[in-house]
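First the structure, in the form of structure tokens, and then the observations on it.
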Amino acid sequence: MLVYVIRRLLQSVVVLLAMSLLVFVGVYAIGNPVDILINPNADQEDIERAIKGLGLDKPLWEQYFVFLRQALAGDLGKSFAFNVPAIQLIVERMPATIELATAATLIAIVFGLPLGLWAGLKPRSAAGRTIMAGSILGFSLPTFWVGLMLIMVFSVHLGWLPSSGRGPTTPLLGVPVSFLSWDGLRHLVMPATNLALFNLALVIRLARAGTREALVQDYVKFARAKGLSNARIVGVHVLKNISIPIVTVIGLQFGSLIAFAIVTETIFAWPGMGKLIIDSINVLDRPVIVAYLLIIVTLFIVINLLVDLLYSVLDPRIRLADART
Amino acid sequence: MTDIGNGDPRSGALFGCLALLVALAGPAGAAESLRIGMSADVTSIDPHFVNITPNNNVAWHIFEALTHVDADARLVPGLAESWRPLDPTTWEFKLRRGVRFHDGAELTAEDVAFSIDRPATLTTSPGPFTTFTRPIVAKETPDRYTIRLKTAAPYAMVPYDMNSVYIVSKKAAAGATTEDFNTGKAAIGTGPYRLARFARGDRVELARYDGYWGPQAPWDRVVLRIVPNEGARVTALLADDLDAIEYVPTADLRRIRATPRFRLEQKVSWRTLFFTLDQHREPPPGVTGKDGRPLGRNPFKDPRVREAIAKALNRQAIVDRVMEGAAVPAANLVAPPVFGHAASLKPEAHDVAGARKLLAEAGFPDGFAMTLAAPNNRYLNDDQIAQAVAQMLARVGIDAKVATLPLATYFSRARNLDFAFAMLGWGSFSGDLALRSLVMTYDADRGTGAWNWGRYSNASLDRLVTQAFATVDERRREALAREAMALAMADRPVILLHHQLATWAMRRELGYAARTDEYTLAHHFRRER
């Protein structure tokens, strides 16, 4: 188990190195941030000096080694556009994104699991069919469109919810969160729902398919023969057995939610990391882009590891040491 | 606005004090707040760090400069009451007396000298303000309220350049980092508002400065919400989450105009759109015969070809259809209210037959093929304009393949001269300034033609613009700038399109003194009766 974890962590270091090199070369190939941020009235001398000041006049390999040296010392560089450490910028925005992603995941589980179970238990009922039809919509409607429609209906026409932005924040263990106040919740509900739709549909489908499969298994028949109540069969035995694929998917999707909440954050002007990365790409703010992607890659690595560990908890038959082969 | 000042105890205290003041002032001073939706992210409160519009827009609330510009982009007194050239290389500025910084200290010439020196010390700026401070080679402060700025050569732009140098408090800003400005510690200016809270990527909260030397700002509190997405900005206005927004997307103009709850304010902006054409390479990249074979010569060097392209464009159609009326056809590199605009020039008339004839005379009866490059996220409807222009060019026989790119790659490649025919938008304080950057001969040593992508060169134009720059008498200089503009435009070094209109949308009961420089200033919003 320990060997397994260490091996995984070593692999991660290689991934991070490769990632940083790719981003470095990629951003370099796109262009020069000074060309975008320089004042139009600047003359050639100003432009040269700005490029020099940021160290962009050096050859790419030299820039990369400077970056690596500093990164090993824990410094991922200062943002060109903000003039503050890139890590600080990202960490500052992270709570907003994580809050949004967590709320979306909770919505997906809390609504998706019961609906999926229901659809699996009663696949031919009207309710079951409606749930499945609804899940198709969740898959296929584009996020940005649903987001705009939500705003049009609930903010513009009904005036129930604020159209955009994050509500007031209160510190919870030092992290600013917005879900503790009523106004904060009102700001959170629409973007979280919008972000949750895809995963909600996913959970419904997984839960339904798993349930239908489990219901014909021997252990369910045996449980019935033993005279267990239906609630216990579904609530304990079926639920436990269908949870493995769901945990995998939700775990992986949680990473995606954080990394790709960009669309929702843009539409709802949610001050999270997604908005930061888009703005940074637009002005080629390399330190922020590199730091952001490194953090996201790390996040995926950690989540994958946690999912693997969770497996062995949920299913005693899975041994992590086996992953060596 | 229940969320104002949350999360920062200092701003809470500040608002507490304000609330008390308001309470003491009685019902006449009932708290009024204004929420404005801004179109781009503010990266820093440090007014000397990077010269980009969103940062400057916030800076204009907190800080001021020696000279200001009015709604027509014309120079007016700011912190300097008056200025005059003592000799061709010395400008003297007389400071307004009794101006106090937000910390109560009086503004003196020393603060001004400090503020002029500071941009050069910020070496990691990707867009430094040194453009405006570098020409000044020496400073003198004969008394507390006078400062003299010396330049190496006669230079008429000093008062204009001083409009871009924000005056900070020496006491507060000496040794301050960008973060010190962001937290508000060093953000001590003389402006009508003081910084209450800067929440990066989200909002800037401002509180009225009661000791302001000018007319009191009409709003106790201002929230500048950063909502870069156009659709989100409009819906936030429709949902009453915002009182006003800037940069209204043209697609929504009609809808907002038709809604009685809202009002639009428009003004011709200083941003002019045009195409640059490669006039120095043989052959320019991407320009070939229609069969793909090389042309043998650069068509854009022939003034008849440039005239033909200018005539091929139906500017009014672009303004009406693509821009939904939010533009005016251009005949100048600078918009009508701007210094040095030559009113005698008229936009090129749309003339397909004339354009074909000119192309035939120039030896291209069958036209030619080229690539038309444009950004797709920089100017209002830039990619649609590029498509429309390509179709208009097709009618006179020029096959233009449209290549639109996001800003991040576009500017780098354009400055690398990868494009023979490229869209560019420009905002300038004055005609001669625009000419210097855009059409004067490219010369890195003299700092001219820095954005002359086509490398157009005209010796008599160079002489005239240089002369204008050295003329410290404003009226003579404007005459020279106009003459230079007329001379340049007659040769069509670039193909002009239109001047954008800047648009603000707001609740019916508000009004805004719309500005040519496109800045959204909370203190210029008023309550309409």
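Chains as they are written, first to last, in this note's numbering: chain P, 920 to 1244; chain C, 807 to 1335. From the three backbone atoms N, C-alpha and C, an ideal C-beta is built for every residue, glycine too.
From what residue to what residue does the alpha helix (DSSP H) around residue i run?
| i | result |
| --- | --- |
| Gly993/P | Counting along the chain, Gly993/P falls outside any alpha helix (DSSP H), and DSSP gives it neither H nor E. |
| Leu1307/C | Leu1307/C -> not in any alpha helix (DSSP H); beta strand (DSSP E) instead, spanning 1300 to 1313. |
| Met1295/C | 1280 to 1297 |
| Ala1274/C | 1265 to 1275 |
| Glu967/P | 963 to 972 |
Do you know how far the Cα of residue j is from the Cα of residue i?
| i | j | result |
| --- | --- | --- |
| Gly1160/C | Lys1117/C | 7 Å |
| Asp1227/P | Pro1055/C | 48 Å |
| Gly1146/P | Phe1058/P | 39 Å |
| Phe1080/C | Ser970/C | 25 Å |
| Ile796/C | Asp967/C | Residue numbering for chain C in the displayed model covers 807 to 1335; residue 796/C lies beyond these limits and cannot be assessed. |
| Ala1022/P | Phe999/P | 32 Å |
| Tyr999/C | Pro894/C | 37 Å |
| Phe1331/C | Arg1313/C | 11 Å |
| Ala877/C | Ile1055/P | 53 Å |
| Val881/P | Gly1191/P | Outside the shown range of chain P, which is 920 to 1244, sits residue 881/P, and nothing can be said about it. |
| His1305/C | Asn1138/C | 9 Å |
| Pro952/P | Lys977/P | 14 Å |
| Asp847/C | Leu921/P | 46 Å |
| Val1010/C | Arg1012/P | 16 Å |
| Lys872/P | Val1072/P | What the structure shows of chain P is the stretch from 920 to 1244, and residue 872/P is not part of that stretch, so it cannot be assessed. |
| Pro1061/P | Phe1187/P | 15 Å |
| Arg926/P | Gly1007/C | 39 Å |
| Gly1231/C | Thr937/C | 20 Å |
| Leu1080/P | Arg1205/P | 37 Å |
| Phe1004/C | Ile949/P | 31 Å |
So residue i contacts chain C; which residues on that side make the cut at Cβ distance below 7 Å?
| i | result |
| --- | --- |
| Pro1206/P | Neighbours of Pro1206/P on chain C: none; closest Cβ ~11 Å, over 7 Å. |
| Gln963/P | Ala1250, Gly1253, Ala1256 |
| Ile1215/P | Those within 7 Å of Ile1215/P in chain C number zero; the least Cβ separation is about 17 Å. |
Do residue i and residue j have their C-beta atoms within less than 8 Å of each other?
| i | j | result |
| --- | --- | --- |
| Ala1226/C | Pro1090/C | yes |
| Asp909/C | Ile851/C | no |
| Arg1085/P | Ser1100/P | no |
| Val1125/C | Val1111/C | no |
| Val1166/P | Leu1119/P | no |
| Leu1244/C | Trp1257/C | yes |
| Asp1297/C | Ala1274/C | no |
| Leu995/P | Val1209/P | yes |
| Gly1129/P | Ile1152/P | no |
With a threshold of 7 Å on Cβ separation, who are the neighbours of residue i within its own chain once the five nearest residues in sequence on each side are excluded?
| i | result |
| --- | --- |
| Val856/C | Thr849, Ser850, Ser931, Pro932, Gly933 |
| Asp1172/C | Lys1096, Gly1203 |
| Val1155/P | none |
Starting from the beta carbon of residue i, find every residue of chain C whose beta carbon is closer than 8 Å, and list them in chain order.
| i | result |
| --- | --- |
| Thr1185/P | Pro1034, Asn1035, Ala1038 |
| Lys997/P | Thr930 |
| Pro1081/P | Ala1045, Asp1047 |
Can you list the residues of chain P that residue i reaches, using a CB-CB cut of under 7 Å?
| i | result |
| --- | --- |
| Gly1237/C | The contacting residues do not exist; Gly1237/C stays about 13 Å from chain P at best. |
| Thr947/C | In chain order: nothing, as chain P lies at least about 26 Å away. |
| Leu985/C | According to the sequence provided, residue 985/C is Glu. The question's Leu does not apply to it. Within 7 Å Cβ-Cβ: Val1003. |
| Gly1007/C | Arg1012, Pro1190, Lys1194, Leu1195 |
Please work out which residues of its chain come closer than 6 Å, Cβ to Cβ, to residue i, disregarding the five sequence neighbours upstream and downstream, and give them in chain order.
| i | result |
| --- | --- |
| Ala831/C | Because the pLDDT at Ala831/C is just 39, under 50, the model does not fix this residue reliably, and the value given afterwards should be weighed accordingly. If we look at Ala831/C and ignore the five residues flanking it on each side, it has no Cβ neighbours. |
| Arg924/C | His854 |
| Pro833/C | Its pLDDT being 36, under 50, Pro833/C is placed unreliably in this model, and the value from its coordinates should be taken loosely. Answer for Pro833/C: no residue qualifies. |
| Leu1034/P | Ile1050, Ile1123 |
| Arg1039/C | Gly843, Val1033, Ile1051 |
| Tyr1211/P | Ile1009, Ile1196 |
If you follow the beta strand (DSSP E) that residue i is in, where does it begin and where does it stop?
| i | result |
| --- | --- |
| Leu840/C | 839 to 844 |
| Arg1332/C | 1331 to 1333 |
| Gln1072/C | 1068 to 1083 |
| Asp893/C | 886 to 893 |
| Trp1232/C | 1227 to 1233 |
| Pro1135/C | 1133 to 1135 |
| Arg1000/C | 999 to 1005 |
| Pro1095/P | 1094 to 1096 |
| Ala1206/C | 1205 to 1211 |
Who are the neighbours of residue i on chain P, taking C-beta pairs under 8 Å?
| i | result |
| --- | --- |
| Gly933/C | Val953, Leu956, Ile957, Asn958, Ala961, Ala969 |
| Val856/C | Leu956, Ala1000, Asn1002 |
List the residues of chain P that residue i touches, going by C-beta distances under 9 Å, in chain order.
| i | result |
| --- | --- |
| Leu1223/C | Neighbours of Leu1223/C on chain P: none; closest Cβ ~12 Å, over 9 Å. |
| Ala1042/C | Ile1070, Ser1074, Pro1081, Ser1082, Ser1083, Gly1084, Ala1188 |
So, at 8 Å on beta carbons, what are the nonlocal neighbours of residue i in its own chain, with the 5 sequence-adjacent residues on each side left out?
| i | result |
| --- | --- |
| Val1195/C | Phe1081, Leu1119, Ile1124, Leu1178, Ala1206, Leu1303 |
Which bits of chain C does residue i rub up against, with CB to CB less than 9 Å?
| i | result |
| --- | --- |
| Tyr988/P | Going by the sequence as given, residue 988/P is Arg instead of Tyr. Chain C residues near Arg988/P: none, gap ~18 Å exceeds 9 Å. |
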